[in-house]
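Protein chains in written order, with the working numbering: chain G, 1360 to 1510; chain X, 1360 to 1510.
Glycine residues also receive a C-beta, built at the ideal position from the N, C-alpha and C atoms.
Quick caveat: nothing in here was measured; it's all calculated off a predicted structure.
Encoded as structure tokens, the structure appears first; notes follow it.
Number of protein chains: 2
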Amino acid sequence: MTLQTARHHAALALDLARKAASLGEVPVGAIVVHKGKVIGRGHNQPRALHDPTAHAEIMAIREACAALGSDRLTGCELWVTLEPCAMCAGAIAHARIARLHYAAGDPKGGAVEHGPRLFHQPTVLHKPEVYAGVGEADAAALLKAFFAERR
Amino acid sequence: MTLQTARHHAALALDLARKAASLGEVPVGAIVVHKGKVIGRGHNQPRALHDPTAHAEIMAIREACAALGSDRLTGCELWVTLEPCAMCAGAIAHARIARLHYAAGDPKGGAVEHGPRLFHQPTVLHKPEVYAGVGEADAAALLKAFFAERR
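Structure representation (structure tokens):
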């Protein structure tokens, strides 16, 4: 994968995070990529859907699984603007995502490099490759602006 | 809550676990109870739905949230036949479930009393009261029989 492709995928996830913000939801966006093609898209929408599980990653994973007709996303990549929480990291493991790319770290709610560090737990059933940082500045700025507006 | 009520709720969750088994899915069942009334039901069905997030707890939480028209289940109880995994424990925290009752412990995949012990993590955003063991023998026997048949 070239840096150009990485930036393109990070930008697609960021567009979805902006969509969440425009709808009054915490701005996080995610895509699932299979063989270079986007097969799942998600933005955070727990409030609109009355569904606490409607995080960007879960929405993208569910759409991608429907597209492939499988409950596994073997070989797929997930791009998300924020470090996944425990719920989403668990879903990523269940889906057998091959590579996880996240933009900004989340010391408060993240469960990949913070908190329970789920993929480092001996009981984890699948551990994706993890890459962090592409698109970090834009994703973090969007979240910061969103919460600043609401304080 | 009387022991009779506890056993009744555990039995309802077990019925849903049996339903999962009859459909060839890992036999786990869950209900959400609000003010004594069952408002959400779920059985494990990731294979049938092509959705790795379709665990019993997630299905029950989503149905209960739809019933209440909210992404929070404040004051609700969740009854499940097996110790929740990290994904489901995370969803329980997001949903602000007040009390979690699970029947059988899961040393391999559980994330409440095993593995990451999610509700003991300093970064967890909500910690339900946790009760384990009501209905344990039946729930564990059902799982054991299911996996024995498939070996």
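Spatial neighbours of residue 1508(X) in its chain, beta-carbon cut-off 8 angstroms, leaving aside the 5 residues before and after: Start at 1 with the first residue of the second sequence, and residue 1508(X) comes out as number 149. Result list for residue 1508(X): empty, nothing under 8 angstroms.
Own chain partners of residue 1478(X) with C-beta closer than 8 angstroms, once the 5 adjacent residues on each side are dropped: As a first step, residue 1478(X) must be located in the second sequence, where it is residue number 119. Cβ within range, chain order: 1448, 1452, 1471, 1486, 1487, 1489.
Under a CB-based cut-off of 8 angstroms, is residue 1468(X) close to chain G? For the purposes of this step, residue 1468(X) is identified with residue 109 of the second sequence, where counting begins at 1. Yes, because at least one Cβ of chain G sits closer than 8 angstroms to the Cβ of residue 1468(X).
Any beta carbon from chain X within less than 8 angstroms of residue 1399(G)'s own beta carbon? Position 40 of the first sequence holds residue 1399(G). No - not a single Cβ of chain X is within 8 angstroms of the one on residue 1399(G).
Can you tell me where the beta strand (DSSP E) holding residue 1484(G) begins and where it ends? Along the first sequence, one-based indexing puts residue 1484(G) at 125. Counting along the chain, residue 1484(G) falls outside any beta strand (DSSP E), and DSSP gives it neither H nor E.
Residues bridged to residue 1433(G) (per DSSP): Within the first sequence, numbered from 1, the residue matching residue 1433(G) stands at position 74. Its beta-bridge partners are 1456(G).
Pick out whichever of 1416(G), 1414(G), 1410(G), 1423(G) has its Cα sitting closest to the Cα of residue 1397(G). Indexing the first sequence from 1 puts residue 1397(G) at position 38. Ranking the options by Cα distance to residue 1397(G), first place goes to 1423(G).
Using beta carbons (cut-off 8 angstroms, strictly below), is residue 1454(X) in contact with chain G? On the second sequence, residue 1454(X) is found 95 positions in, with the first residue counted as 1. By this cut-off, residue 1454(X) is an interface position.
Does DSSP put residue 1427(G) in a helix, a strand or coil? Residue 1427(G) sits at position 68 when you count from the first residue of the first sequence. Of the three classes helix, strand and coil, the one that applies to residue 1427(G) here is helix, per DSSP.
Distance cutoff 8 angstroms, beta carbons only. Does residue 1406(G) sit that close to anything in chain X? If you number the first sequence from 1, residue 1406(G) lands on position 47. Yes, residue 1406(G) lies at the interface with chain X (some Cβ there is under 8 angstroms from its Cβ).
Would you call the segment 1429–1440 of chain X in contact with the segment 1425–1435 of chain G, where contact means no fewer than 3 C-beta pairs closer than 8 angstroms? no
Determine the contact status of residue 1330(G) and residue 1419(G), defining contact as a CB-CB distance below 8 angstroms. Here chain G covers residues 1360 to 1510 and nothing more, so residue 1330(G) does not appear.
What in chain G is Cβ-close to residue 1446(X), meaning under 7 angstroms? In the second sequence, the residue the question calls residue 1446(X) occupies position 87. Within 7 angstroms Cβ-Cβ: 1446, 1449, 1450, 1453.
What residue from 1379(X), 1421(X), 1403(X), 1368(X) has the CA that sits closest to residue 1395(X)'s CA? As a working mapping, residue 1395(X) is identified with position 36 in the second sequence. Of the candidates 1379(X), 1421(X), 1403(X), 1368(X), the one whose C-alpha sits nearest the C-alpha of residue 1395(X) is 1368(X).
What's the gap between the Cα of residue 1443(G) and the Cα of residue 1502(X)? Taking the first sequence and counting its residues from 1, the one referred to as residue 1443(G) is at position 84. Taking the second sequence and counting its residues from 1, the one referred to as residue 1502(X) is at position 143. Approximately 30 angstroms between the Cα atoms of the pair.
Counting only beta-carbon separations shorter than 8 angstroms, does residue 1363(G) have a partner in chain X? Sequence index remark: in the first sequence, residue 1363(G) carries index 4 (1-based). For residue 1363(G), the answer is no, since every Cβ of chain X falls outside 8 angstroms of its Cβ.
I'd like to know whether the C-beta atoms of residue 1391(X) and residue 1399(X) end up nearer to each other than 8 angstroms. Within the second sequence, numbered from 1, the residue matching residue 1391(X) stands at position 32. Within the second sequence, numbered from 1, the residue matching residue 1399(X) stands at position 40. Taking 8 angstroms as the Cβ cut-off, residue 1391(X) and residue 1399(X) qualify as a contacting pair.
Buried or exposed for residue 1441(X), please, with buried defined as at least 16 other CB atoms from any protein chain shown within 10 angstroms of its CB. If you number the second sequence from 1, residue 1441(X) lands on position 82. So residue 1441(X) counts as buried.
So residue 1510(G) is in the alpha helix (DSSP H); what residue range does that whole segment cover? Here residue 1510(G) is taken as the residue at index 151 of the first sequence, counted from 1. Note, residue 1510(G): premise wrong, no alpha helix (DSSP H); not H, not E.
CA-CA distance, residue 1493(X) and residue 1454(X)? Walking along the second sequence from the start, residue 1493(X) turns up at place 134. Walking along the second sequence from the start, residue 1454(X) turns up at place 95. So the two alpha carbons sit approximately 23 angstroms from each other.
Please decide whether residue 1474(X) counts as near chain G, where near means a Cβ-Cβ distance under 8 angstroms. For the purposes of this step, residue 1474(X) is taken as the residue at position 115 of the second sequence. At least one chain G Cβ lies under 8 angstroms of residue 1474(X).
What does residue 1428(X) reach in chain G if we use C-beta pairs closer than 7 angstroms? Working through the second sequence from its first residue, we reach residue 1428(X) at position 69. Here the neighbours are 1409.
Between which two residues does the alpha helix (DSSP H) carrying residue 1368(X) extend? Taking the first residue of the second sequence as 1, we reach residue 1368(X) at position 9. Per DSSP, residue 1368(X) belongs to the alpha helix (DSSP H) from 1362–1381.
Do residue 1457(G) and residue 1439(G) have their C-beta atoms closer together than 8 angstroms? Here residue 1457(G) refers to the residue found at position 98 when the first sequence is read from its first residue. Here residue 1439(G) refers to the residue found at position 80 when the first sequence is read from its first residue. No.
Using a Cβ-Cβ cutoff of 9 angstroms, what residues of the segment 1473–1494 of chain X are near chain G? List them in chain order. 1473, 1474, 1475, 1476, 1477, 1480, 1481, 1482, 1483, 1484
Taking just the CA atoms, how far does residue 1405(X) sit from residue 1467(X)? Position 108 of the second sequence, counted from the first residue, corresponds to residue 1467(X). Position 46 of the second sequence, counted from the first residue, corresponds to residue 1405(X). Taking the straight line from one Cα to the other gives about 19 angstroms.
So, is the C-beta of residue 1390(G) closer than 8 angstroms to a C-beta in chain X? By one-based count along the first sequence, residue 1390(G) stands at place 31. Not one chain X Cβ lies under 8 angstroms of residue 1390(G).
Below-8 angstroms beta-carbon distance, residue 1412(G) vs any chain X residue: Along the first sequence, read from residue 1 onward, the residue named residue 1412(G) stands at position 53. It does: the Cβ of residue 1412(G) has a partner Cβ on chain X nearer than 8 angstroms.
Suppose you measure from the CA of residue 1381(X) to the CA of residue 1412(X); what does that come to, to the nearest Å? Your numbering for residue 1381(X) matches position 22 in the second sequence. Your numbering for residue 1412(X) matches position 53 in the second sequence. Approximately 20 angstroms between the Cα atoms of the pair.
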